[in-house]
Every structure is written in structure tokens, then in C-alpha cells.
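K.L.:
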Amino acid sequence: MYPAERHTAILAAAREHPDGVAVQQLSAQLGVTPETVRRDLAALERRGLVRRRHGGAVPVTRAPFEPTLSQRAREDAAERRAVSRAVVDELPQEGVLLLDSGSMTLEIASALPRRSALVVVTNSLPIASVLGAHPSITVLALPGAVRAVTQAVVGAWTEQRLDELHADVAVLGANGVLPGRGAYTTLPDEAAVKERMLAAADRRLLAVTAPKFGTASLCRFATLDRFDRIVSDDRLDPATARQLRDDGVDLVLANPRASTPERNP
């Protein structure tokens, strides 16, 4: 088989077995050596089509390019609530919080307790609206251009204001996360704002539900070592969780059915 034919066959096998395909299995199926399969997997990983792990690979799925905020809010509701509670447990009662735009961060904003006296700086119009009625939180809405799909504020004005700020904590979301590579979002304007938020904060948290792992999007805005902690839910497959922890990621997995999230051993 030519390399292109092998690559097509490997991708087909990976999509038939989304939990992972083994090098030895592919070697027997294609009639080539394991070393050839490993080279093919490396080439496919460089193209963003598979993610290698010990003994094999898993397919990289791609989410719809940019679902609306309302579409995102309908997905994984119980898991997002569990992640949001775990994130809120990480936050101080006072100080400055940078809160990214998105359905997950909107859930976090809604979960902030009434006793919280944070100053929240956000580029999300829905978050500013939700927290505007909070009895003790001070809300600062960033200036800039409003994106219709996400209701996020982006652009040069947003970036310039963030460059002037210092925050105690930044909480960000992502459209996709690839272990060993980083966190992704859809467009350069969104990525630039996220990068500025990371640079402005002393402590940085990434909050994402488990299906975001292994999913790619257009723009990488940070490698995973930029985050002090990643909070997800307990549907994350054990192999991915193990890889993240082996890479030094401080990982917390929230259980929607329990009050205490699983932390790094």
C-alpha cells in the first residue's frame, strides 16, 4: 500500500474505534511493520487528524466551527454545573477575577455565591448582565466589538484594556483541548483576548467539559502548562487523564453526582 492509502485505512479504523486503535492491530491489518504504522501515525498527528498515545492512537474530532452560546448552554448541563461548582471552590471571596466569554464561564458566573465580593472583569455581555444584579460583586465590562454568535467583546480596544490590568485569577474556557499541544478557540480575535487574560492574571484556570478533550479548533491560544489547574468532569477517559497528569497538568475532575471532585493523586 502507498502511504496515502495506509493513512486513509488508519483514519477509517480510528473512526470505527474512537476509544483507540493499537499499533499492533494496525500492523496486522495493513501488512506492514509496527515501525511503519508509528511513522504513519506521526504524520497523521502532524496534520491534526489523530492523537498518539502509548501503543496506538485516537481520532481527533472536530466540533462544529462555532456553535452559538444558546447551543452550547444546552449541552452537558449537569457536567457544566459540576465543573462550575469546582471552579467556584477555587476562587477567593475578594479580589479581581477575569472571566472569559462562553457557556462554561457563564455557568460559573451564575454559581458565584451571594457572599462573594469579587471585582469581575469580563468580555462577555451575558456574564455582565447576569452579574449586574449580584448584590456584592463589582462588574467591569471590557470595551470592544461585540461578536453576534458568542456575544463576546473582542478587538484592539479589548486587548489594550487587558494589557493595562492585573487580576488575581483568570478563568477561561476553550472550544477544544489537545493533550500535549494546548487549548484552542475558533478565531484569532478570540484567541488574542484569551492570551491577554492569561498574561494579566497571577493564577489561571481552564474550565472545560470532558468532550472538549481530543477536539481541535482553529486557533491555539495557550499550551496547557500556562494553566495552574484544569477543571473538567469525570467522563474524561482514564488514558487522557493519565497523559495529562504525566505531562504535569494539575487536573481536577468534577463528579455531577458527588460534592467532592477528584483531584491529582
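Residues 1 to 265 in full-length UniProt numbering are what the sequence shown spells out, letter by letter. From the three backbone atoms N, C-alpha and C, an ideal C-beta is built for every residue, glycine too.
(1) Helix or strand or just coil, what does DSSP make of Ser124?
(2) Are Pro59 and Pro113 closer than 7 Å when you measure CB to CB?
(3) Rounded to whole angstroms, what is the Cα-Cα separation between Glu45 and Arg52?
(4) Note down, one range per segment and in chain order, each alpha helix (DSSP H) of at least 4 residues found wholly within the region 172-253.
(5) Where Met1 and Asp40 are concerned, what is the direct C-alpha to C-alpha distance, given to the nearest angstrom?
(6) Count the other C-beta atoms from every protein chain shown that fall within 10 angstroms of the C-beta of Gln93, then say buried if there are 16 or more, exposed otherwise.
(7) Tell me the DSSP secondary structure of Ser40 in three-state form.
(8) Apply the 10 Å Cβ neighbour rule to Thr223 and answer buried if 16 or more other Cβ atoms are within range, or exposed otherwise.
(9) Assuming Ala183 contacts Arg229 under a Cβ cut-off of 8 Å, what Cβ separation, rounded to an integer in Å, is found between them?
(10) Where Val169 and Gly95 are concerned, what is the direct C-alpha to C-alpha distance, given to the nearest angstrom?
(11) With distances taken between CB atoms, is the gap from Leu206 to Leu172 smaller than 7 Å?
(12) Where do the N-terminal and C-terminal ends of the alpha helix (DSSP H) with Glu107 fall, by residue?
(13) How far does the beta strand (DSSP E) with Thr8 in it reach, from first residue to last?
(14) Considering only C-alpha positions, which residue in the set Val21, Leu97, Ala216 is nearest to Arg181?
(15) Kindly indicate which three-state DSSP category Arg161 falls into: helix, strand or coil?
(16) Identify the continuous alpha helix (DSSP H) that holds Val83 and give its terminal residues.
(17) Tell me Ala167's beta-bridge partners as DSSP assigns them.
(18) In this structure, does DSSP put Arg51 in helix, strand or coil?
P.N.:
Put simply:
(1) strand
(2) no
(3) 7 Å
(4) 188-200, 238-246
(5) Our two residues, Met1 and Asp40, have alpha carbons roughly 12 Å apart in a direct line.
(6) Gln93 is exposed by the Cβ-count criterion.
(7) Residue 40 is actually Asp in this sequence, not Ser. Three-state result, Asp40: helix.
(8) exposed
(9) Incorrect: roughly 13 Å between the Cβ atoms, too far for contact.
(10) 8 Å
(11) yes
(12) Run containing Glu107: 103-111, per the alpha helix (DSSP H) assignment.
(13) Looking at the DSSP string, Thr8 is not in any beta strand (DSSP E); the run it does join, the alpha helix (DSSP H), is 3-16.
(14) Ala216
(15) helix
(16) Its alpha helix (DSSP H) spans residues 77-90.
(17) Ala201
(18) strand
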